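> Here you go, one structure.
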Amino acid sequence: AQSVAQPEDQVNVAEGNPLTVKCTYSVSGNPYLFWYVQYPNRGLQFLLKYITGDNLVKGSYGFEAEFNKSQTSFHLKKPSALVSDSALYFCAVRAGGSYIPTFGRGTSLIVHP
Amino acid sequence: SAVISQKPSRDICQRGTSLTIQCQVDSQVTMMFWYRQQPGQSLTLIATANQGSEATYESGFVIDKFPISRPNLTFSTLTVSNMSPEDSSIYLCSVGTGENSPLHFGNGTRLTVT
Numbered sequence: 001a002q003s004v005a006q007p008e009d010q011v012n013v014a015e016g017n018p019l020t021v022k023c024t025y026s027v028s029g030n031p032y033l034f035w036y037v038q039y040p041n042r043g044l045q046f047l048l049k050y051i052t053g054d055n056l057v058k059g060s061y062g063f064e065a066e067f068n069k070s071q072t073s074f075h076l077k078k079p080s081a082l083v084s085d086s087a088l089y090f091c092a093v094r095a096g097g098s099y100i101p102t103f104g105r106g107t108s109l110i111v112h113p
Numbered sequence: 114s115a116v117i118s119q120k121p122s123r124d125i126c127q128r129g130t131s132l133t134i135q136c137q138v139d140s141q142v143t144m145m146f147w148y149r150q151q152p153g154q155s156l157t158l159i160a161t162a163n164q165g166s167e168a169t170y171e172s173g174f175v176i177d178k179f180p181i182s183r184p185n186l187t188f189s190t191l192t193v194s195n196m197s198p199e200d201s202s203i204y205l206c207s208v209g210t211g212e213n214s215p216l217h218f219g220n221g222t223r224l225t226v227t
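Protein chains in written order, with the working numbering: chain L, 1 to 113; chain E, 114 to 227.
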């Protein structure tokens, strides 16, 4: 079985400040981890992934995420938030050999001007 | 990455009617999925659309309620049958292009049942 926890329903941050959106996971075997962003009235857009290799993964729009195996976490980060980053963010995990991920419940990021 | 066109983008339907949602991909893909996203909730997988055979449904979803077609590797439809207000949701088509690749999503169909 695989599962994802996004402990925060909402994250508020001021523009220009660093942001973190938290994600922890549970999966059998090596995890395939993903972050997606959903803007209003749109589908999910892929941001970044961790499959193997460097624990720090860089993705679209200046976002990055750090894979921490001991803490089973994959937190999404950005050094300087923009108002346009305000959206719904989903973390997802799947096991190797499976095409079907399990999604977290989503975290609403609100960046204040 | 695959480009996915999903139609309609939104609809308002009456209770008891059915709506068919179309998903067209710009390239051949092996895996196609249909998800439901209820207000304020995460994505729930309805089924995997299998080319040339019956779809594989997840627990809680049945073919009579959500019939799915997949006549080829670029196209699929999801029908929401005998709708009730509880079916009001966003329905998302998604495709997988490889084991190490993320899923790609259409823009979704926002369904309201009155």
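Where is the CB? At the ideal position from N, CA and C, for every residue including glycine. None of these values were measured; they are calculated from a predicted model.
Considering only C-alpha positions, which residue in the set L:Val111, L:Ser28, L:Thr24 and L:Leu33 is nearest to L:Leu48?
Nearest C-alpha to L:Leu48: L:Leu33.
> Could you check the C-alpha separation between L:His112 and L:Ala5 for me, to the nearest Å?
Between L:His112 and L:Ala5, the C-alpha separation is close to 25 Å.
> Mind listing which residues of the stretch 122-148 of chain E have their C-beta closer than 9 Å to chain L's C-betas, in chain order?
Flagged, chain order: Ser122, Arg123, Thr143, Met144, Phe146 and Tyr148.
> Determine, for E:Asn163, whether the minimum Cβ-Cβ distance to residues of chain L falls below 8 Å.
No - not a single Cβ of chain L is within 8 Å of the one on E:Asn163.
> For E:Leu205, go through chain L and note every residue whose CB falls closer than 8 Å to its CB, in chain order.
Near E:Leu205 (Cβ distances below 8 Å), the residues of chain L are Gly43 and Leu44.
> Please go through the same chain and pick out, in chain order, the residues whose beta-carbon is closer than 6 Å to the beta-carbon of L:Val27, but skip the five residues on each side of it.
Hits under 6 Å: Gln2, Val93 and Ala95.
> Can you say whether E:Val116 is buried or exposed, counting buried as having 16 or more other CB atoms within 10 angstroms of its CB?
The residue is exposed, with fewer than 16 neighbouring Cβ atoms inside 10 Å.
> Mind checking if L:Tyr61 is an interface residue toward chain E, Cβ cutoff 8 Å exclusive?
It does not; no Cβ of chain E falls within 8 Å.
> May I have the straight-line CA-CA distance separating L:Lys58 from L:Thr20, to the nearest angstrom?
Answer to the nearest angstrom: the Cα atoms are 14 Å apart.
> Just checking my contact of L:Gln38 with L:Leu76 at CB under 8 Å: how many whole Å lie between their CB atoms?
Going by Cβ atoms, the distance from L:Gln38 to L:Leu76 rounds to 13 Å, so no, they are not a contact pair.
> Do the CB positions of E:Leu218 and L:Gly43 come within less than 8 Å of each other?
It is Phe, not Leu, that sits at residue 218 of chain E in the sequence shown. Cβ atoms of E:Phe218 and L:Gly43: closer than 8 Å.
> So, using beta-carbon positions, are E:Met144 and L:Tyr99 closer together than 8 Å?
It is a contact, given that the beta carbons lie within the stated cut-off.
> For E:Gly209, name the three-state secondary structure that DSSP assigns.
It is a strand residue.
> Should E:Pro184 be flagged as near chain L, meaning a C-beta pair shorter than 8 Å?
It does not: the Cβ of E:Pro184 has no partner Cβ on chain L nearer than 8 Å.
> What are the uninterrupted segments assigned as beta strand (DSSP E) that are 3 or more residues long and contained completely in the stretch 127-167 of chain E, given in chain order?
Entirely contained in the stretch 127-167 of chain E, the beta strand (DSSP E) runs reaching 3 residues are, in chain order, 132-138, 144-150 and 156-162.
> Taking all protein chains shown into account, decide if L:Pro101 is buried (16 or more other Cβ within 10 angstroms of its Cβ) or exposed.
So L:Pro101 counts as buried.
> Looking only at its chain, what residues have a beta carbon closer than 6 Å to the beta carbon of E:Ser182, apart from the 5 residues adjacent to it on each side?
Thr190, listed in sequence order.
> Counting only beta-carbon separations shorter than 8 Å, does E:Gly209 have a partner in chain L?
With 8 Å as the cut-off, E:Gly209 counts as an interface residue toward chain L.
> Given this structure, state the Cα-to-Cα distance separating E:Leu205 from E:Lys120, to the nearest angstrom.
Each residue's alpha carbon lies about 10 Å from the other.
> For E:Ile203 versus E:Gln127, is the C-beta spacing smaller than 8 Å?
No.
> CA-CA distance, E:Ala160 and E:Glu167?
Going by the C-alpha atoms only, they are around 10 Å apart.
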